[in-house]
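Heads up: the structure comes next, in structure tokens.
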Amino acid sequence: MKFSMAILLLAIGSFFGCQNNQDYLEVISFNVRYASDGDGSNVWDNRVPLIKTYFEENRPDVVGMQEVLPRQLLDLKKLLPIYQFVSAGRSDGKSEGEACPVFYRKDLYNEIESGNFWLSETPDEAGSMDWDTHFPRIVTWVHLVSKITGKEFFFVNTHFSHISEEARVNSADMLLKQIHKRSGDKPVILTGDFNTPKGSKPYNRLIQGHEEEIQLRNAEEVAQTSYNGEITYNAFDPEFAGTRIDFIFVTTDFEVRTHSVDEIKKDSVFISDHYPVRAEVIL
């Protein structure tokens, strides 16, 4: 009995020790849905309390969000006081249009550098778009270092075209090249609403890669435990039959402990028209 108890205490100590030294990270990808007056009971102001509670309960380390309008960014800044964020509007690289901000725990990480690029043939040109997409598509990235361990990693967040398959395929190509250009051989976490399911050409392009590029894995596929949710896009409809189009990808530097799709809803109000995707990883 004493031996078994010692084993149990050692396991518990190892788990919390992992969290305390920040080898352990909890990351989230979350399309918050842009604020629209046409969303009925699911308007932004009604969903804010659910978002607040969700983040207070989980306190993730780093979060990639999509479809964030300037007004929503101000609200999120107030809701999430323990986080610093990196953000730029997709239309002008400043504050115009939707953003794909990255929020990170400012008590745990220092930012080494950060920036944005666009999914187009001219990725450094703010607001640029190609391949028959209807809106500019922006990528936000941040190079972080743990204040505790000194370990570094890149966190990248984006939102692919909802219209053009050509744009999604070319965006996957451009995304891999641009990430590798910035990250080199350092660990990478990629989050986003990719508007494409597993097995599609854009998805396969992201996970297949080439020798000169980073090698990504779908966190769900390599997680020790995966639970909750068959879909990520719910259309604010409890009967909606969809699929998973929001993903967390990681390089082989990470071990994935758990992966979940968090189906957050209270009465008739959804947290968003996308459910948050969450993974616990070890660097």
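In terms of the UniProt record's numbering, the sequence shown opens at residue 1 and continues consecutively. Cβ atoms here follow ideal geometry from the backbone N, Cα and C, with glycine treated the same way.
In this structure the stretch 77-87 does not lie against the stretch 209-228, because fewer than three pairs of beta carbons, one per stretch, are closer than 8 Å. For P197, the CB contacts under 8 Å within the same chain, skipping 5 residues up- and downstream, are Y203, T243, R244 and I245 in chain order.
Counting C-beta pairs with one atom in each stretch, the stretch 137-156 and the stretch 84-103 have three or more that are closer than 8 Å, which means they touch. DSSP places S183 inside the alpha helix (DSSP H), whose first and last residues are E165 to S183.
According to the DSSP assignment, R257 belongs to the beta strand (DSSP E) that extends over E255 to V261. In its chain, beyond the 5 residues on either side, E26, R257 and T258 have a beta carbon closer than 6 Å to the beta carbon of E280.
With fewer than 16 other Cβ atoms from the protein chains shown falling within 10 Å of its own Cβ, P49 counts as exposed. A Cβ-Cβ separation of about 5 Å places Y275 in contact with T232 under the 8 Å criterion.
Rounded to whole angstroms, the gap between the alpha carbons of V63 and R168 is 22 Å.
For the pair D132 and S120, the CB atoms are not nearer than the 8 Å cut-off. Rounded to the nearest angstrom, the Cβ distance from E152 to V145 is 5 Å, consistent with a contact under 8 Å.
Counting the other Cβ atoms within 10 Å of the Cβ of Y227 gives fewer than 16, which makes it exposed. For D267, DSSP records no beta bridge to any residue. Between the alpha carbons of I179 and V156 lies a gap of roughly 8 Å. N218 sits away from F194, with the two beta carbons spaced by 8 Å or more.
Nearest neighbour of T53 by Cα position, chosen from K265, V277 and M174, turns out to be K265. For R47, the number of other beta carbons within 10 angstroms of its own is at least 16, and it is reported as buried.
The DSSP-derived three-state label of Q208 is helix.
By the beta-carbon neighbour count (other beta carbons within 10 angstroms, threshold 16), S114 is buried.
The beta-carbon separation of T158 and G192, rounded to 4 Å, stays under the 8 Å limit for a contact.
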